[in-house]
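Notes for the one structure printed next.
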Amino acid sequence: MKSSTKILTASAIAAIPAYLITTQLTLPDWLTLILGATIYLLTYIITAPLIGAINPTDIQNLKETLEGFGPLSYIIKIH
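Spelled out as structure tokens, the structure:
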């Protein structure tokens, strides 16, 4: 499977629980957005490496990219 297909698959898998949970809530829209984004990101972060959408080289590239963010890089630092 190509990497773009793996990324799309991980994205689709992550979208399912985010959609199912947020459509059942009766919270303010801004809170639903934050909750949905959090669910999506957590699911994607777990799913992407499991199906091989992200490899160690990708993580190293992300670390190098984030170093250019200055003080913000300490907040979003990847170990």
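Per our numbering, the sequence shown starts with residue 207, numbered consecutively. Positions of the beta carbon are idealized from the N, C-alpha and C atoms, including for glycine.
Asked	Found
Reduced DSSP category for G258 - H, G, I as helix; E, B as strand; rest coil	coil
Cβ neighbours of Y246 in the same chain (closer than 6 Å, five flanking residues each side left out)	A220, A224
Cβ-based burial, A216 [other Cβ within 10 Å; buried from 16]	buried
Outcome for I260 when other beta-carbon atoms lying within 10 angstroms are tallied against a minimum of 16	buried
Residues of its chain near T238, where Cβ-Cβ distance is below 7 Å and the 5 sequence neighbours each way are ignored	T228, L231
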